[in-house]
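Everything on this sheet refers to the single structure shown next.
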Amino acid sequence: MDSATFVPGKRKYLFCTDEKGGAILQSIIDQVVDKNLSFEMVFIGKVQFTDLVAWLSEQRMGSYLYIAAHWNQLKAIKQLAEEIGFSEEEAQYIGYGEKEKNVFCGRCHGITTIDTENTEQVEVDCIYCNLRLEISNHYSRLRDAYLGYVAKL
Ligand SMILES: [Zn+2]
């Protein structure tokens, strides 16, 4: 699990998190409250995605964004924040949980999910048709999965 670090001297602090992420950000939130700094907080899951877009879009320069969420969600939210204009210097993204990767089977179109937290797995057996798949770098946004090719035995 990553941890967040407090970045001082910002005009306003933005926290975007869920329950578990809130625990990760707790020490940062405490410091912001202690120092009487300006902040806003939204809970992922309690707001609509479109509301999240609106909230991020209306923030001004000098705001600093903390997002803590499950890896599965973090990727999409990070992408969103970057599209809205938050740079690497203006945000921290903290993921928790298992890092997962979906692999799309070219034969049966089934999706096999693998845990990539510790290993850099390059092959997997399709859980639907047992075909040995080589995990490619080709990511399909449509299927939220990496394309699996027939592994050369
Ligand atoms: Zn398959």
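So for the sequence shown, this note's numbering puts the first residue at 5; every next one is plus one. Where a beta carbon is used, it is the ideal one built from N, C-alpha and C, also for glycine.
- Remark: the C-beta of Tyr132 is in contact range of ligand 1, defined as less than 6 angstroms to any heavy atom.
- Closest in alpha carbon position to Leu18, among Val37, Lys24, Gly114, is Val37.
- Taking 7 angstroms as the cut-off, the beta carbon of Ile88 is found closer than this to the beta carbon of Ser61.
- The alpha-carbon of Thr120 is positioned some 29 angstroms away from that of Gln52.
- Looking at the backbone, the Cα of Ile98 and that of Val107 are separated by about 24 angstroms.
- Excluding the 5 residues flanking it on each side, Glu93 has no same chain C-beta neighbour closer than 8 angstroms.
- Only buried fits Tyr68, as 16 or more other CB atoms lie within 10 angstroms of its CB.
- DSSP links Gly152 through a beta bridge to Cys109, Ile139.
- Cys20 is bridged by DSSP to Val46, Ile71.
- Along the length of the stretch 74-101, whole alpha helix (DSSP H) runs at least 4 residues long occupy 75-88, reported in chain order.
- The C-beta distance from Phe10 to Ile32 rounds to 5 angstroms, short enough to meet the 8 angstroms contact threshold.
- If you ignore the 5 residues before and after Glu138, its C-beta comes within less than 8 angstroms of the C-beta of Val126, Glu127, Gly152, Tyr153, Val154, Ala155, Lys156, all in its own chain and listed in chain order.
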